[in-house]
Amino acid sequence: MKHAKQRQATYYKLTLLISSMLCIIGLIFIYSASSAFALERIGNAHFYVRKQSFGFLLGIIILGFTYCIPFGLIQALAPLIFVGALFLTGITLIPGIGRTVHGSSRWISLFLFNFQPGELLKIAFMLAVARLCAKTTPATFKLKKVLPPTLILLIPASLILLKQPDFGTFVMLVTITASFLFVAGMSTRRFVIASGIMLPILATLIALRPYRVKRILTFLDPWKNPQGAGFQIIQSLIAIASGGLYGQGIGFSKQKFFYLPMQHTDFIFSIITEESGLIGAMIIIISFVALIYLIMRIALLAQNRFAFFVALGSAIILGTQAAINIGVALGMLPTKGISLPFVSYGNSSLISTLLMIGLVGASIHAKPDQAT
10 MKHAKQRQAT
20 YYKLTLLISS
30 MLCIIGLIFI
40 YSASSAFALE
50 RIGNAHFYVR
60 KQSFGFLLGI
70 IILGFTYCIP
80 FGLIQALAPL
90 IFVGALFLTG
100 ITLIPGIGRT
110 VHGSSRWISL
120 FLFNFQPGEL
130 LKIAFMLAVA
140 RLCAKTTPAT
150 FKLKKVLPPT
160 LILLIPASLI
170 LLKQPDFGTF
180 VMLVTITASF
190 LFVAGMSTRR
200 FVIASGIMLP
210 ILATLIALRP
220 YRVKRILTFL
230 DPWKNPQGAG
240 FQIIQSLIAI
250 ASGGLYGQGI
260 GFSKQKFFYL
270 PMQHTDFIFS
280 IITEESGLIG
290 AMIIIISFVA
300 LIYLIMRIAL
310 LAQNRFAFFV
320 ALGSAIILGT
330 QAAINIGVAL
340 GMLPTKGISL
350 PFVSYGNSSL
360 ISTLLMIGLV
370 GASIHAKPDQ
380 AT
């Protein structure tokens, strides 16, 4: 057991190193991508990078604090954390409290920045479901005991997220649920049946919102309306193609000059590739692959079921978000407003991601289960 803890500690140090590197890369390219936009819109080219720097410092403090919390306390408080996150996400729907941006009521205005409670809800939900799954093993797993309380958590969270709307976070909660139940011991047959039931539901939810259908159609043929719905993805592909092998040079992107929308948020990967080329893009991709591998190794070495599921859930969230964001930028997936962890501009996303890294670190100190 001592040897396993030492290996986990080594993996975690590398996790911190890669996370820090991605944050620094993010700050560099947020400044590069946003400076012209910030100067035009706000009159201060440093506006977004300064806000992101504040989020980075606050996130590091939260990471350190989370790392020091006894892991048993996190497990005990998981239901309360979920209820608190659900409440904060719910009040975004109240006029005068929630702030609407691009047609979605996802934010609460705080003193220094706008906070998106959905980012916290994602982690809180993961903790709550991890607590449920930790009570069983693959040998003792019974779906009828785990599924009902899981649905009690999933349904109200989903209703709020779909009302905002925040379809991306909703899909993330469904992904966490499916992954945890399968790993906890759900049979392959039941998993396939559940997936067969869920896919038509997701298709219906997409069909109910015309703008979601439009995104699918645009993904299939962005050149059908190159000056309208297809404009963003086409500009993203132009940026990526312009990068070549070595890139145009940091700060020398052309697409950031009001061609590519959301160049410092959802499409920052496109600017990174334009300025640093295929080499820069591969550094980002390899960094995320290495990060997910390290966190998965920490999970597999865990002597505590709750610690295992928390590390596993963190890897799932980070890996899924990174894959979707990069896939969208490359035109391989429909546009879906999901940021690139550590790298995209957004304090809520950055702070929540660093909180998750703190939880992974805290999981290393979990006491072994008695049955282990």
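Terminal number for the sequence shown in my numbering: 381, no gaps in between.
We put the beta carbon where it would ideally sit given N, CA and C, even for glycine.
| query | result |
| --- | --- |
| What residue ranges within the region 75-150 form continuous beta strand (DSSP E) runs of no fewer than 3 residues, ordered along the chain? | 107-110, 113-118 |
| Can you give me the Cβ contacts of residue 249 inside the same chain, cut-off strictly under 6 Å, excluding the 5 residues immediately before and after it? | 279, 282 |
| Looking at the structure shown, is residue 381 part of a helix, part of a strand, or coil, going by DSSP? | Because residue 381 sits at a pLDDT of 43, beneath the cut-off of 50, its placement in the model cannot be relied upon, and the point is left open. |
| Just the C-alpha distance for residue 5 and residue 144, rounded to the nearest angstrom, thanks. | Nothing in the structure corresponds to residue 5, since the chain is present only between 10 and 381. |
| Could you check where the alpha helix (DSSP H) with residue 352 kicks off and where it finishes? | Residue 352 -> no alpha helix (DSSP H), and no H or E assigned at all. |
| Residue 340 and residue 242 - do their beta-carbons sit closer together than 9 Å? | yes |
| Return the residue from the list 189, 150, 223 that minimises the CA-CA distance to residue 163. | 189 |
| Using the rule of at least 16 other Cβ atoms within 10 Å of the residue's Cβ for burial, across every protein chain shown, is residue 155 buried or exposed? | buried |
| Classify residue 168 as buried or exposed, calling it buried when 16 or more other Cβ atoms lie within 10 Å of its own Cβ. | exposed |
| Could you spell out the range, first to last residue, of the alpha helix (DSSP H) harbouring residue 15? | 11-50 |
| According to DSSP, simplified to helix, strand and coil, what is residue 340? | coil |
| Decide if residue 33 is buried, meaning its Cβ has at least 16 other Cβ atoms within 10 Å, or exposed. | exposed |
| Would you call the CB atoms of residue 329 and residue 337 closer than 9 Å? | no |
| Going by DSSP in three states, residue 256 sits in which element: helix, strand or coil? | coil |
| Between the region 299-312 and the region 321-335, do at least 3 Cβ pairs fall closer than 8 Å? | yes |
| Reducing DSSP to helix, strand and coil, say where residue 198 ends up. | helix |
| Report the rounded CA-to-CA distance for residue 97 versus residue 37, giving the unit in angstroms. | 32 Å |
| Identify every run of the alpha helix (DSSP H) within the region 216-259, keeping only runs that are complete inside it and at least 4 residues long; order them along the chain. | 219-229, 240-252 |
| Could you check the C-alpha separation between residue 381 and residue 137 for me, to the nearest Å? | Only weak support is given to the placement of residue 381: the predicted model assigns it a pLDDT of 43, under 50, and the question is left unresolved by the model. |
| Quick one: grab the DSSP three-state call for residue 348. | coil |
| Along the chain, where does the alpha helix (DSSP H) that runs through residue 356 open and close? | 356-372 |
| Determine, using beta carbons only, whether residue 128 and residue 358 come nearer to each other than 9 Å. | yes |
| If you follow the alpha helix (DSSP H) that residue 400 is part of, which residue opens it and which one closes it? | Residue 400 lies beyond the stretch modelled for the chain, which goes from 10 to 381, so this question has no answer here. |
| In the DSSP assignment, find the unbroken alpha helix (DSSP H) run with residue 267 in it and report its ends. | Unbroken run through residue 267: none, as it is neither H nor E. |
| Kindly indicate which residue of 368, 317, 275 has the alpha-carbon position closest to the one of residue 354. | 275 |
| Within 8 Å, do at least three Cβ pairs link the region 296-303 to the region 14-30? | yes |
| Could you give the residue range of the alpha helix (DSSP H) that holds residue 178? | 176-193 |
| Determine the contact status of residue 114 and residue 95, defining contact as a CB-CB distance below 9 Å. | no |
| Are residue 78 and residue 360 close, meaning C-beta to C-beta below 9 Å? | no |
| Taking 6 Å as the limit between beta carbons, can you name the residues of its chain near residue 297, skipping five residues before and five after? | 331 |
| Applying the criterion that 16 or more other CB atoms from any shown protein chain within 10 Å of the CB defines a buried residue, is residue 140 buried or exposed? | buried |
| Helix, strand or coil, according to DSSP, for residue 330 in the structure here? | helix |
| Going by beta carbon distance, what residues of the same chain come within less than 6 Å of residue 54, once the five residues before and after it are set aside? | 44, 47, 48 |
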